[in-house]
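Written out as structure tokens, the structure is:
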């Protein structure tokens, strides 16, 4: 199978998964009606509401996020010349866990909707960015990729240890 055929096959699988993501959910929609709604030939207002306001944004976000993560993974693997390089190797994943742990355990004064909704996403993002900034600062001094990987792993283990300490000293009934 040539690369062109493989690319076309994968693209058709992506389109099929995209349409299935839009069609199937708590309310199953006929695939024909989904296609009519997406092309603007359907008059069903309920289907338009479900598709355009709920399912289409989620499906597009899933596709764009998957594409961005795959590009980021390839860039990290190329930069470090390591096929196993990923965000967990540099400690970014542990940094996001630390952000959520600090939000969850240290914010009894904040309203519950902030802690459970976008607050957790924001805290995870800020924790990941914090560790990433530390890695960037370290990369100014450390020019060898292997040493930078080791420093990233150290940041990951350090933030993971802080999360474990926070879990052990937290009140399980709170």
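In the numbering used here, the protein residues as written are 28 to 201. C-beta: ideal position from N, C-alpha, C; glycine also. These numbers were taken from a predicted model, which means no experiment stands behind them.
Tell me where the alpha helix (DSSP H) around residue i begins and ends.
i           : result
residue 166 : 145-168
residue 180 : 172-196
residue 120 : 119-133
residue 91  : 83-107
residue 56  : Careful: residue 56 lies outside any alpha helix (DSSP H) and carries neither H nor E.
residue 45  : 30-50
residue 72  : 72-77
Thinking C-beta only, is residue j closer than 8 angstroms to residue i?
i           : j           : result
residue 147 : residue 130 : yes
residue 182 : residue 162 : yes
residue 178 : residue 188 : no
residue 82  : residue 52  : yes
residue 99  : residue 48  : no
residue 180 : residue 116 : yes
residue 119 : residue 158 : yes
residue 123 : residue 151 : yes
residue 64  : residue 78  : yes
Between the alpha carbons of residue i and residue j, how many angstroms are there, rounded?
i           : j           : result
residue 75  : residue 89  : 20 angstroms
residue 101 : residue 94  : 11 angstroms
residue 62  : residue 38  : 17 angstroms
residue 55  : residue 66  : 19 angstroms
residue 155 : residue 111 : 19 angstroms
residue 121 : residue 42  : 34 angstroms
residue 160 : residue 196 : 28 angstroms
residue 106 : residue 133 : 36 angstroms
residue 125 : residue 114 : 14 angstroms
residue 153 : residue 170 : 25 angstroms
residue 32  : residue 57  : 29 angstroms
residue 50  : residue 29  : 32 angstroms
residue 175 : residue 149 : 26 angstroms
residue 84  : residue 168 : 42 angstroms
residue 44  : residue 80  : 19 angstroms
residue 40  : residue 193 : 44 angstroms
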